[in-house]
Every structure is written in structure tokens, then in C-alpha cells.
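Participant: Right, I'll just put the structure down here and ask away after.
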Amino acid sequence: FQVIGFQIIALLIVSLLSLKLSERRVSESELDEAAKTLANLRILHERIIQSIRSGLIVIDFEGKVHIFNAAAEEITGYKASEIKGKRIENLFGNLEESVAISLQAIEKGEQPPRFEGDIITPEGFAIHVGYNLSPLFSENNQISGLIITFQDLTEVRAMEESVRRKERLAAVGRIAAGLAHEIRNPLGAISGAIQVLQSTIPKDSPQNALMEIILRESDRLNQIITNFLTYARPRITNFSEVNVQEAINDVFTLLKHSPEVNSKHEFYISESDPNPIILADPTQLKQIFWNLAQNSIKAMPDGGTISVAIKRLNDQRIKISFSDTGCGMSAQQIRNLFEPFSQSTTGGIGLGLSIVYQIVKDHGGSINVRSIEGKGTTVNLEFPPINYLTLTRMREKSNQKTS
Numbered sequence: 266f267q268v269i270g271f272q273i274i275a276l277l278i279v280s281l282l283s284l285k286l287s288e289r290r291v292s293e294s295e296l297d298e299a300a301k302t303l304a305n306l307r308i309l310h311e312r313i314i315q316s317i318r319s320g321l322i323v324i325d326f327e328g329k330v331h332i333f334n335a336a337a338e339e340i341t342g343y344k345a346s347e348i349k350g351k352r353i354e355n356l357f358g359n360l361e362e363s364v365a366i367s368l369q370a371i372e373k374g375e376q377p378p379r380f381e382g383d384i385i386t387p388e389g390f391a392i393h394v395g396y397n398l399s400p401l402f403s404e405n406n407q408i409s410g411l412i413i414t415f416q417d418l419t420e421v422r423a424m425e426e427s428v429r430r431k432e433r434l435a436a437v438g439r440i441a442a443g444l445a446h447e448i449r450n451p452l453g454a455i456s457g458a459i460q461v462l463q464s465t466i467p468k469d470s471p472q473n474a475l476m477e478i479i480l481r482e483s484d485r486l487n488q489i490i491t492n493f494l495t496y497a498r499p500r501i502t503n504f505s506e507v508n509v510q511e512a513i514n515d516v517f518t519l520l521k522h523s524p525e526v527n528s529k530h531e532f533y534i535s536e537s538d539p540n541p542i543i544l545a546d547p548t549q550l551k552q553i554f555w556n557l558a559q560n561s562i563k564a565m566p567d568g569g570t571i572s573v574a575i576k577r578l579n580d581q582r583i584k585i586s587f588s589d590t591g592c593g594m595s596a597q598q599i600r601n602l603f604e605p606f607s608q609s610t611t612g613g614i615g616l617g618l619s620i621v622y623q624i625v626k627d628h629g630g631s632i633n634v635r636s637i638e639g640k641g642t643t644v645n646l647e648f649p650p651i652n653y654l655t656l657t658r659m660r661e662k663s664n665q666k667t668s
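Residue 668 is where the sequence shown ends in my numbering, and the numbering goes up by one at each step.
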């Protein structure tokens with residue numbers, strides 16, 4: 266019986282050990298399943314963050330960046346690896362005031378306001394963004410950091426400015442023609458009288474030099490009036506197929522004989538699509554390039570380079586990048602660049618770039634400017650591809666302006 270008793274006890278011990286081992290296997294299986302679930306949740310969490318179309322940044326109380334999603338990379342031009350671990354001030358500037366206002370609103374149970382500011386891209390360009398700040402709570406419901414969500418407002422603000430510009434133009438156009446003619450008539454009389462007087466005195470006379478100044482400045486004033494009328498009047502546009510490269514070369518040829526150009530100025534086309542044909546009015550297209558070139562020359566009176574790149578984009582639009590190595594512009598100057606009679610970096614006042622803007626829009630194109638102070642400016646023009654629909658729309662626009 267002792268042997269049987271030992272066998273029974275051994276059997277019970279084996280059964281107990283088997284049960285414990287089975288429980289351990291179940292426990293390990295549950296742990297594995299929990300680990301897989303946690304890993305899947307982390308992947309889902311990361312995918313959600315990266316799929317959000319708004320820029321998303323998470324920072325701690327020291328201002329260090331911990332999360333920088335794909336939209337943030339796309340908007341700012343920075344890689345997450347370049348930003349993570351660094352202070353947010355390197356990107357957004359000082360956020361202390363915005364943080365204080367947001368936290369006060371949350372304490373009162375109110376929605377935090379939306380803020381706006383500029384972010385400087387790796388290339389040195391400023392993009393305008395709108396952003397919100399939200400607190401990040403820890404497990405014990407304490408604020409452990411901040412969540413910043415932001416969107417690029419550059420195009421939105423450009424559209425708003427375009428509407429305001431059109432409203433101002435409507436007011437300017439109502440008085441332009443009459444006022445310009447009232448000025449031009451006495452100006453012509455002054456110029457004619459000076460030419461008669463000039464014919465009665467020797468060419469080496471001091472008075473002759475003064476008369477030359479009067480004539481030159483009269484011509485300049487007359488040119489301003491001409492630009493003003495060009496800007497205010499509806500233009501009759503005759504569309505045809507134009508080779509962009511040939512048009513630019515024609516303008517460069519004329520520029521080389523311009524009195525403002527010296528031997529230290531260089532003009533060239535850095536790259537070109539093999540068939541850069543667009544639908545445009547040849548005269549107006551050349552006026553765009555001429556006005557842009559004149560503006561660039563004024564920005565580099567002691568010499569510099571104007572280079573043009575002509576590319577065909579994936580959607581078949583033609584992109585023309587007009588770059589110079591001039592003095593560059595501030596963000597505020599860029600915002601006012603296409604305003605009528607705005608003050609330029611070179612101290613000149615005129616309508617040259619306002620006319621450029623209007624012609625580009627009349628051709629169904631777009632224009633944007635990137636500039637770095639002290640380094641230069643790039644004006645990017647984009648024109649639609651040639652097709653039947655483009656031709657029809659352009660002719661409709663031309664007919665509307667004519668009528």
C-alpha cells in the first residue's frame with residue numbers, strides 16, 4: 266500500500282506541475298498577445314499622426330520637440346530628424362505669449378484662440394501659418410506638454426489680398442483715364458515749348474543742359490502716365506502660340522542696349538524645356554519679362570546676374586523662374602510688391618510689377634515671389650498648357666475685356 270500511496274502522491278504532484286505549467290503557458294500567451302496589441306496600437310497611433318493633413322508638433326515643458334508629423338515636414342520643408350529634440354523656438358519663435366493666452370482660455374472653459382505667424386523654411390523663405398495650442402495631459406491628468414496644430418495660410422492670404430487688390434483697382438480705374446489725360450496735355454505743351462527754346466540756344470550753353478533735364482524728366486513723367494493708363498484700361502489681348510525661350514532672348518537682346526545695364530550685368534537662360542510653347546499675347550508676354558528684368562537691374566545697379574529657368578511641370582503647365590542676385594526684399598515688401606505705386610527696395614515707385622501681375626492673371630497664370638534680403642529674388646510664373654479648353658477660355662476673357 267505504501268508503494269501505491271507514493272504513486273498516487275507522485276501522480277498528484279505531476280498533475281499539479283502540469284497545471285502550473287499550463288497556466289504559465291496561458292499567461293505567457295496572454296502576455297504575447299498583449300504585447301502584439303500594444304505594438305499594433307503604437308503603429309495605429311503613428312499612422313493616425315502621420316495621416317493628419319494639418320501640421321502636428323508635440324513639445325514638452327522645456328520646449329523640446331518629440332513628435333513632428335509628415336504634414337509638418339511638407340509645410341515647413343524640415344525633416345522630422347532635423348527638428349526632434351530641438352527647441353520649438355528654432356521654428357516658431359517665442360510662443361510664451363500664445364501659450365499663456367491658450368492656457369487662460371482653457372482654465373475659463375473657453376476655446377483657445379487661433380494664432381498666426383511666420384515660419385522660416387530651410388531656404389530662408391517665410392511662409393504664413395495659422396496655429397492652435399492645446400495642452401497634453403499625462404496619466405495623472407497633469408499638463409505634461411503642448412500639442413501644436415498648424416496650417417499653411419500663404420495661399421489663403423494671397424487670395425484675400427487679391428480680392429482687396431481688385432476692389433482698389435475698381436476705384437482707381439474710374440478716375441484713371443480722365444486724370445491721366447488732364448496731366449498729359451499740359452505736359453506735352455511743356456515738352457514742346459522746351460524743344461522750341463532749345464533750338465534757339467547753343468548746344469554748349471548751361472541753359473541747354475537744364476533743358477535736357479526738363480525734357481528727360483518730362484519723358485519719365487509721361488512714361489508713368491502711360492503705365493498708369495496701361496494698368497487701368499482693359500487690354501485687348503491677341504492670343505497665339507508663343508515660344509517662351511525666344512521671347513526671353515528677344516528681351517535680353519534689348520536689355521543689353523539699355524542705359525541702366527553695364528558690363529557687370531549678365532543675362533542667361535539656365536535651363537529650358539525643349540518646346541516651351543504657351544498661349545499668350547506676344548507683346549504682353551515680353552512686357553512681363555521686360556518689367557521683371559528692369560526691376561532686377563534696379564536691385565543690382567553695380568552689376569549682377571539675371572537667370573531664367575523654363576520647366577514643364579507634371580500637369581504640363583510651363584513654369585518660368587526669373588532669378589536675380591540683387592538686394593532682395595523683406596516679407597512685408599513682398600506682400601506689397603504688386604500694389605499700384607508701392608515703394609520698392611530700390612526706392613522707385615511705379616506700376617511695372619502691378620502690370621506684370623495683371624497680365625499674368627489675364628493669361629490664366631499664377632505668380633509668386635521668393636526673396637532673401639541681401640541674396641536675391643526669384644519670381645515664379647506658371648502658365649496653363651495649350652489645349653482647346655485653354656484657347657476657348659482665353660478668347661472669352663479677351664472678348665469680355667474688349668466689350
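The C-beta atom is built at its ideal place from N, Cα and C for all residues, glycine as well. Nothing here was measured: the structure is a model prediction, and the numbers come from that model.
So what's residue 266 in DSSP terms, helix, strand or just coil?
Facilitator: For residue 266, the predicted structure reports a pLDDT of 46, less than 50, and the residue's modelled location is therefore unreliable. A value from the coordinates is still provided. Coil, per DSSP.
Participant: Considering only the alpha carbon of each residue, which of 369, 322, 624 and 568 lies closest to residue 352?
Facilitator: For the residues 369, 322, 624 and 568, the minimum Cα distance to residue 352 belongs to 322.
Participant: For residue 368 and residue 404, I'd like the C-alpha separation in whole angstroms.
Facilitator: C-alpha separation (whole angstroms): 19 Å.
Participant: Smallest Cα separation from residue 423: which of 392, 408 and 585?
Facilitator: When each option's Cα is compared against that of residue 423, the closest is 392.
Participant: Taking 8 Å as the threshold (C-beta atoms), are residue 573 and residue 547 in contact?
Facilitator: Contact: no.
Participant: Identify every residue that forms a DSSP beta bridge with residue 642.
Facilitator: Answer is 589 and 636.
Participant: Taking contact to mean 3 or more Cβ pairs, one atom from each stretch, closer than 8 Å, check whether the stretch 528-544 and the stretch 483-492 are in contact.
Facilitator: The stretch 528-544 vs the stretch 483-492: no contact.
Participant: Going along the chain, which residues of its own chain have a beta-carbon closer than 7 Å to the beta-carbon of residue 348, five neighbours each way excluded?
Facilitator: So the qualifying residues of the chain are 330, 333 and 356.
Participant: Measuring straight from C-alpha to C-alpha, what distance separates residue 674 and residue 346?
Facilitator: Residue 674 is absent from the model: the chain starts at 266 and stops at 668.
Participant: In three-state terms, what does DSSP make of residue 405?
Facilitator: DSSP places residue 405 in coil when its eight states are reduced to three.
Participant: What number of angstroms, rounded off, separates the C-alpha of residue 541 from the C-alpha of residue 589?
Facilitator: Cα-Cα distance, rounded: 21 Å.
Participant: Quick check on residue 581: buried or exposed, where buried means 16 or more other Cβ atoms within 10 Å of its Cβ?
Facilitator: Answer is exposed; the Cβ neighbour count stays below 16.
Participant: Using the beta-carbon count (16 or more within 10 Å), is residue 613 buried or exposed?
Facilitator: In this prediction, residue 613 has a pLDDT of 45, which is less than 50 and means its spatial position is unreliable; nothing more can be read from the coordinates.
Participant: Could you check what DSSP says for residue 328 in three-state terms: helix, strand or coil?
Facilitator: If DSSP states are grouped into helix, strand and coil, residue 328 belongs with coil.
Participant: Would residue 560 and residue 618 be called neighbours here (beta carbons separated by less than 8 Å)?
Facilitator: Yes, Cβ-Cβ distance for residue 560 and residue 618 is below 8 Å.
Participant: Residues in its own chain within less than 6 Å of residue 545 by CB, not counting five upstream and five downstream?
Facilitator: Closer than 6 Å at Cβ, skipping near neighbours: 507 and 628.
Participant: Inspect the beta-carbon positions of residue 593 and residue 637 and report whether they are closer than 8 Å.
Facilitator: Yes, the pair counts as a contact, with Cβ atoms nearer than the cut-off.
Participant: Under 8 Å: do the stretch 381-390 and the stretch 337-346 share three or more Cβ pairs, one atom per stretch?
Facilitator: Enough Cβ pairs lie closer than 8 Å, so yes.
Participant: Suppose the cutoff is 7 Å on Cβ atoms and the five residues either side in sequence are ignored; what does the same chain contact list for residue 515 look like?
Facilitator: Around residue 515: 551.
Participant: Measuring only the C-alpha atoms, how far is residue 444 from residue 620?
Facilitator: The straight-line gap from Cα to Cα measures roughly 19 Å.
Participant: Helix, strand or coil for residue 393? Go by DSSP, reduced to three states.
Facilitator: Strand at residue 393.
Participant: In three-state terms, what does DSSP make of residue 651?
Facilitator: Looking at residue 651 - three-state DSSP - the assignment turns out to be coil, as it is neither helix nor strand.
Participant: To which residues does DSSP link residue 508 through a beta bridge?
Facilitator: Beta-bridge pairing links residue 508 to 542.
Participant: Assuming residue 469 is part of the beta strand (DSSP E), what are its boundary residues?
Facilitator: Counting along the chain, residue 469 falls outside any beta strand (DSSP E), and DSSP gives it neither H nor E.
Participant: Report the rounded CA-to-CA distance for residue 410 versus residue 366, giving the unit in angstroms.
Facilitator: About 15 Å.
Participant: How would you label residue 518, buried or exposed, when you count the other beta carbons within 10 angstroms and need 16 or more for buried?
Facilitator: Exposed.
Participant: Rounded to whole angstroms, what's the CA-CA distance from residue 512 to residue 650? Just pull it up for me.
Facilitator: Approximately 17 Å between the Cα atoms of the pair.
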